[in-house]
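As C-alpha cells, the structure follows; a few thoughts come after it.
Quick look at the structure:
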C-alpha cells in the first residue's frame, strides 16, 4: 500500500487543518446548512440551537482551515462555503485513495 506523500509542509498542515475541521458532527452540520448558500450567524445559531460563543468557535475553526469565507454587512456576519478549500481537501483525499489501491 502506497502512503500519501504531501511534499510541502504547508500543504500537509493545510490538509490536517481541513480534515480536523470536518471531523466534528457540528461542523458537518454547518457544511450541510451552507450548501445552499451563505447564511447569517444568527440563522445558523437558531438552526443549530447553540450559543453564539460555541458557534463562533466552530466557524473560526472552519474559516482557519480554509473551508469558509465570510462577509460583514452592517452588524451581521454571513458565512459561505469556500469551494477552493473544499476542492483542495477533495484532491488530497482522492490522491490518497488512488495511491492506496
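In the numbering used here, the protein residues as written are 738 to 838.
Glycine included, each C-beta is placed from N, C-alpha and C at the ideal position.
What do you get for residue i, buried or exposed, if any count of 16 or more other CB atoms within 10 angstroms of its CB means buried?
| i | result |
| --- | --- |
| residue 802 | buried |
| residue 764 | buried |
Whose C-alpha, out of the options, is nearest the C-alpha of residue i?
| i | options | result |
| --- | --- | --- |
| residue 776 | 759, 790, 796 | 796 |
| residue 800 | 748, 759, 747, 749 | 759 |
| residue 810 | 756, 748, 749, 778 | 778 |
Work out the CA separation of residue j and residue i for me, nearest whole Å.
| i | j | result |
| --- | --- | --- |
| residue 808 | residue 833 | 33 Å |
| residue 753 | residue 773 | 26 Å |
| residue 836 | residue 783 | 42 Å |
| residue 789 | residue 826 | 27 Å |
| residue 804 | residue 831 | 17 Å |
| residue 821 | residue 828 | 10 Å |
| residue 781 | residue 812 | 15 Å |
| residue 767 | residue 750 | 22 Å |
| residue 793 | residue 748 | 25 Å |
Kindly indicate which three-state DSSP category residue i falls into: helix, strand or coil?
| i | result |
| --- | --- |
| residue 804 | coil |
| residue 817 | strand |
| residue 754 | helix |
| residue 809 | strand |
| residue 764 | helix |
Are residue i and residue j closer than 8 Å when you measure CB to CB?
| i | j | result |
| --- | --- | --- |
| residue 771 | residue 816 | yes |
| residue 819 | residue 798 | no |
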